[in-house]
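Q: In my numbering, the protein residues as written are 139 to 674.
#1: To the nearest angstrom, how far is it from the Cα of residue 248 to the Cα of residue 466?
#2: Kindly give me the distance between the Cβ atoms of residue 173 and residue 673, rounded to whole angstroms, as I take these residues to be in contact under 8 Å.
#3: When every heavy atom of the ligand ATP is checked, does at least one fall within less than 7 Å of the C-beta of residue 379?
#4: Among 233, 208, 555, which one has its Cα closest to the Cα of residue 252?
#5: Among the residues of its own chain, which have a CB less than 8 Å from the CB of residue 498, if the five just before and after it don't count?
#6: How would you label residue 211, buried or exposed, when you count the other beta carbons within 10 angstroms and need 16 or more for buried?
#7: Determine whether the beta carbon atoms of residue 183 and residue 238 lie at a separation below 8 Å.
#8: Which stretch, first to last residue, makes up the beta strand (DSSP E) that contains residue 145?
#9: For residue 665, which residues in the same chain have their Cβ closer than 6 Å to its Cβ, ignoring the five residues on either side in sequence?
#10: Closest to residue 653 by C-alpha separation, out of 148, 310, 191, 275, would be which residue?
#11: How would you label residue 476, buried or exposed, when you count the other beta carbons within 10 angstroms and need 16 or more for buried?
#12: Expressed to the nearest angstrom, what Euclidean distance is found between the alpha-carbon atoms of residue 621 and residue 328?
#13: Tell me, please, whether the segment 140-149 touches the segment 594-601 by the rule of three or more beta-carbon pairs shorter than 8 Å.
#14: Tell me the DSSP bridge mates of residue 85?
#15: Taking residue 614 as the reference, which of 607, 623, 606 has the closest Cα?
#16: At which residue ranges does the segment 162-220 contain complete alpha helix (DSSP H) runs of 4 or more residues, listed in the order of the chain?
#17: For the beta strand (DSSP E) that contains residue 299, what are its first and last residues?
#18: Check residue 522 in the structure and name its three-state DSSP category.
#19: Thinking C-alpha only, which one of 506, 162, 542 is nearest residue 525?
#20: Closest to residue 332 by CA distance: which of 577, 602, 644 is it?
#21: In angstroms with no decimal places, state the Cα-to-Cα distance between residue 198 and residue 551.
#22: Quick one: what does DSSP say residue 507 is sitting in, helix, strand or coil?
#23: Helix, strand or coil for residue 650? Go by DSSP, reduced to three states.
#24: Beta-carbon within less than 8 Å of residue 280's beta-carbon, same chain only, minus the 5 sequence neighbours each way: which residues are those?
#25: Quick one: is residue 449 buried, meaning 16 or more other Cβ sit within 10 Å of its Cβ, or exposed?
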């Protein structure tokens with residue numbers, strides 16, 4: 139532990155002191171208490187783009203054109219300018235240094251969307267090991283699309299969804315994956331999860347989890363599809379069995395009187411889509427049934443329990459659909475089930491939901507919880523980091539604060555729990571975030587709650603737009619002397635002239651450098667106000 143808050147003294151301490159085993163990175167991150175983005179350039183002259191985020195390694199800044207047709211990628215670079223005086227800090231920055239180009243250099247501009255498609259501005263996933271970026275384009279939603287071909291009734295349809303895999307170094311499009319007349323929830327990466335080189339894409343409309351592998355060559359390779367079938371040979375087995383049954387029925391028809399033949403004329407083409415529940419649904423029902431069966435030893439009590447908790451709710455279980463999926467590791471998926479209305483709703487917190495752990499190798503459901511279960515909340519509170527499945531190569535993502543690795547975050551969570559009027563509603567609200575969206579949190583050290591304290595209602599590591607405020611957001615030291623280190627203020631320096639306009643803000647923090655962007659925009663498509671916060 140450093141004995142002084144002075145940065146020079148800390149450098150000397152680092153030379154002569156060795157941190158405890160396993161704490162070297164945390165020890166080094168304390169230097170960020172001295173290196174903060176304390177200077178702001180307000181209303182920077184910059185291109186009118188939609189800025190998405192920094193990549194997790196800090197190499198690229200991702201943005202999209204306002205017409206949502208083109209991808210523009212920038213490289214962050216540090217500000218440099220000349221000064222003739224001895225003390226340059228007393229002087230204001232020259233006008234040329236206050237431009238966007240002084241901090242970022244454009245690498246390329248790539249057209250992604252076709253004439254009838256738009257880039258999904260809320261979707262972007264980064265594969266750090268290969269510096270690949272995954273983007274999505276889509277056509278408009280059709281809300282009243284008929285449910286044909288096994289589609290779920292009530293789920294909208296999108297004529298074409300295209301996933302583009304790019305090499306961010308030069309902008310070359312390596313591969314594409316197209317889904318036609320389907321629906322994938324691309325808002326904040328909700329319907330897609332990346333873990334190492336594995337990619338899970340959830341088709342809400344056809345209730346299928348598509349598992350793909352991203353090869354080093356840049357190819358998107360289909361690995362398996364989980365939904366109607368669970369094992370690779372399930373479809374082959376069912377088709378061959380159906381053909382055998384159809385052949386047996388034909389033989390029986392020849393033995394029957396002629397007036398009975400016409401009743402079976404359509405059995406030559408068996409319709410498997412309406413004969414069975416999907417494979418994943420059968421796995422779920424069998425897990426629930428076996429769990430209730432094994433809870434009772436007495437046959438009479440066992441039958442009563444099954445009637446009350448299984449058969450009475452059987453149709454409710456059958457009607458569940460897959461909402462969201464995340465990897466827990468390379469073999470297990472965390473799957474969220476719920477009603478159709480909750481799956482397509484913007485606010486699904488008010489709908490009942492269930493969470494299941496699925497083993498892809500054995501095709502078995504390992505566990506199943508309702509989203510208000512105290513047992514699941516206890517696991518969430520104590521082992522939250524296990525739900526944040528990060529790729530092995532994403533070193534920066536391992537230091538995101540959570541209530542299972544940070545005492546301050548845990549105290550904050552327990553304070554909210556103590557103030558909650560209903561324990562069950564609190565548990566349901568906390569568990570509504572499961573499964574977590576992929577790459578939805580910033581690894582910036584300024585969101586490390588062991589270093590800084592801030593109002594998480596105004597700003598946090600979670601990648602979300604927030605209601606804008608005219609007051610600066612304060613970052614205060616967690617340790618002595620508990621002083622204010624820096625402020626982040628979105629919007630114009632003098633505040634907004636129109637107090638009636640509803641404004642939202644987003645914050646893009648660089649994962650390594652003391653550099654951040656604050657973007658304030660109104661709901662009337664006016665140009666955004668971009669501020670750059672950096673250490674001068």
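We put the beta carbon where it would ideally sit given N, CA and C, even for glycine. Predicted, not measured: the structure shown is a model, and the values here were computed from it.
A: Judging by the given coordinates:
#1: 34 Å
#2: 6 Å
#3: In the structure shown, the ligand ATP is absent, as is every other ligand, since no ligand is present at all.
#4: Comparing Cα-Cα distances from residue 252 to each of 233, 208, 555, the minimum goes to 208.
#5: 349, 362, 364, 469, 470, 471
#6: buried
#7: yes
#8: Premise fails: residue 145 lies in the alpha helix (DSSP H), 145-154, not in any beta strand (DSSP E).
#9: Answer for residue 665: 186, listed in chain order.
#10: Out of 148, 310, 191, 275, the CA that lies nearest to the CA of residue 653 is found in 191.
#11: buried
#12: 38 Å
#13: Fewer than three Cβ pairs drawn from the segment 140-149 and the segment 594-601 lie within less than 8 Å of each other, which leaves the two stretches out of contact.
#14: As shown, the chain starts at 139 and ends at 674. That puts residue 85 outside it, with no answer to give.
#15: 623
#16: 162-167
#17: 295-305
#18: In the three-state reduction of the DSSP assignment, residue 522 falls in the helix class.
#19: 542
#20: Each of 577, 602, 644 was checked against the Cα of residue 332, and the nearest Cα belongs to 577.
#21: 34 Å
#22: Residue 507 falls in the strand class under three-state DSSP.
#23: coil
#24: 294, 295, 296, 297
#25: exposed
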